[in-house]
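In numbering that gives the first Met the number 0, the protein residues as written are 0 to 165. For glycine and all other residues, C-beta sits at the position ideal for the given N, C-alpha and C. Everything on this sheet refers to the single structure shown next.
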Amino acid sequence: MSKKRTHASHGTPAVVALDRAGVAYGLHTYGHDPASELSYGMEAAEALGADPAQVFKTLLADVDGSLVVGIVPVDGSLDLKALARAVGGKRAAMADPAAAQRATGYVVGGISPIGQKQRHATVLDESAARFDVVYVSGGRRGLDVSLAPDDLLRLTGGRAAPIARA
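Structure below.
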């Protein structure tokens, strides 16, 4: 995987942050179909020809009044209790989509864990460690980036924990 320089059309905050950090990453575009019956994440996995367990979705939850980012495989779901435990919290609920968009600067279906407007506690499901490379949103629908899980954790200041349910 080589670092690819951003093009104007891909200059999302996530891509800019990756370039600034100097980490190796891949840039993957695909045609997002608004009429697709697949979830955004499953649509990305299918379009990329990637194992859904290797493609991760970025979800925001309210944990004891603070927004927390949970990153889980697209073929699973976020275990809210496990996410709360991972950050030392007690109660968690999915964040309001409008609040998630305001806090991250991204639209639902294109929320990247990288380059968010505000930094939030971030937890990556521990299953990511099984892969040399994982895919996450690049900051818009139809754009994913691939990078090493350790680089993702470093860039987000995150930690790994068992937060996904099948």
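Determine the extent of the alpha helix (DSSP H) in which Tyr39 is found, giving its start and end residues. Here the question's residue 39 lines up with position 40 in the sequence shown. Element bounds for Tyr39: Tyr39 to Leu47.
Identify every residue that forms a DSSP beta bridge with Ala55. Within the sequence shown, residue 55 is the residue found at index 56, counting from 1. Here residue 55 turns out to be Phe, not Ala, going by the sequence shown. Residue pairing for Phe55: DSSP places it in a beta bridge opposite Pro72.
Return helix, strand or coil for Arg139, following the three-state DSSP convention. Locating residue 139 in the sequence shown gives position 140, where the first residue counts as 1. Arg139: strand per DSSP, three-state reduction.
Provide the residue span of the alpha helix (DSSP H) that contains Asp149, from first to last. Stepping through the sequence shown from its first residue, residue 149 is reached at position 150. Pro148 to Thr155 is the span of the alpha helix (DSSP H), which, as asked, contains Asp149.
DSSP puts Asp61 in a beta bridge; with which residues? As a position in the sequence shown, residue 61 is number 62, starting the count at 1. Bridge partners of Asp61: Leu66 and Ala92.
If I'm right that Val122 touches Ile162 with Cβ under 8 Å, what's the distance once you round it to whole angstroms? Position 123 of the sequence shown, counting from 1, holds the residue named residue 122. Position 163 of the sequence shown, counting from 1, holds the residue named residue 162. About 5 Å; that satisfies the 8 Å criterion.
Should Lys56 go down as buried or exposed, given a rule of 16 or more other Cβ atoms within 10 Å for buried? In the sequence shown, the residue the question calls residue 56 occupies position 57. Classification for Lys56: buried.
Status (buried if at least 16 other CB within 10 Å, exposed otherwise) for Ala34: Here residue 34 is taken as the residue at index 35 of the sequence shown, counted from 1. Result: exposed.
By a C-beta neighbour count over all protein chains shown, 10 Å radius and 16 as the cutoff for buried, is Arg90 buried or exposed? Taking the first residue of the sequence shown as 1, we reach residue 90 at position 91. Per the 10 Å Cβ criterion, exposed.
According to DSSP, is Ser35 helix, strand or coil? For the purposes of this step, residue 35 is identified with residue 36 of the sequence shown, where counting begins at 1. DSSP places Ser35 in coil when its eight states are reduced to three.
Cβ pair count under 8 Å reaching 3, the stretch 91 to 102 against the stretch 130 to 142: no
Below 8 Å on the Cβ atoms is my guess for Leu152 versus Val22; work out the distance and round it to an integer in Å. One-based indexing of the sequence shown puts residue 152 at position 153. One-based indexing of the sequence shown puts residue 22 at position 23. That pair is no contact at about 11 Å.
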